[in-house]
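Undergrad: Take 413 as the starting number for the sequence shown in the working numbering and just add one per residue. One structure, as structure tokens, below. Some questions next.
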Amino acid sequence: MAQAVSAVWSEGEVHLAIRELSDADVHRLLLIARGFIRGAGLDPKELLSEAIGKLLDGSRKVPRSEKLMPVLVNAMRGIVWNERKL
413 MAQAVSAVWS
423 EGEVHLAIRE
433 LSDADVHRLL
443 LIARGFIRGA
453 GLDPKELLSE
463 AIGKLLDGSR
473 KVPRSEKLMP
483 VLVNAMRGIV
493 WNERKL
């Protein structure tokens, strides 16, 4: 019997995709994070780390139809939005 394909990435797939980020990808993500945090009192590295943590702990899912970079950007945007809301 064939196994159903999950609609989201597994934890292992997320780990692999994160390890495969290039230095340029990480630099780009940190620049985006820096833009998001203006006036929010957060550190860009902490914001990126928190976004990655949300993917790894499963509180933020990566749909199979999405690439990792846009999902990380949206996760960072959501974190900053929630922080500002508080």
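Just so it is clear, CB atoms sit at the ideal spot from N, CA and C, and this is done for glycine as well. Note that the structure is predicted; figures quoted are calculated from it, not measured.
1. For R476, does the count of other Cβ atoms within 10 angstroms reach 16, so buried, or fall short, so exposed?
2. Which two residues bound the contiguous alpha helix (DSSP H) that contains W493?
3. State the DSSP-derived secondary structure class of I420, mapped to helix, strand or coil.
4. Starting from the Cα of E423, find the closest Cα among M481, V492, I464 and give me that residue.
5. Any chance the region 424-436 sits against the region 445-453, with 3 or more Cβ pairs inside 8 Å?
TA: According to the structure data:
1. exposed
2. 480-497
3. First, the amino acid is wrong: residue 420 is Val here, not Ile. DSSP places V420 in strand when its eight states are reduced to three.
4. I464
5. no
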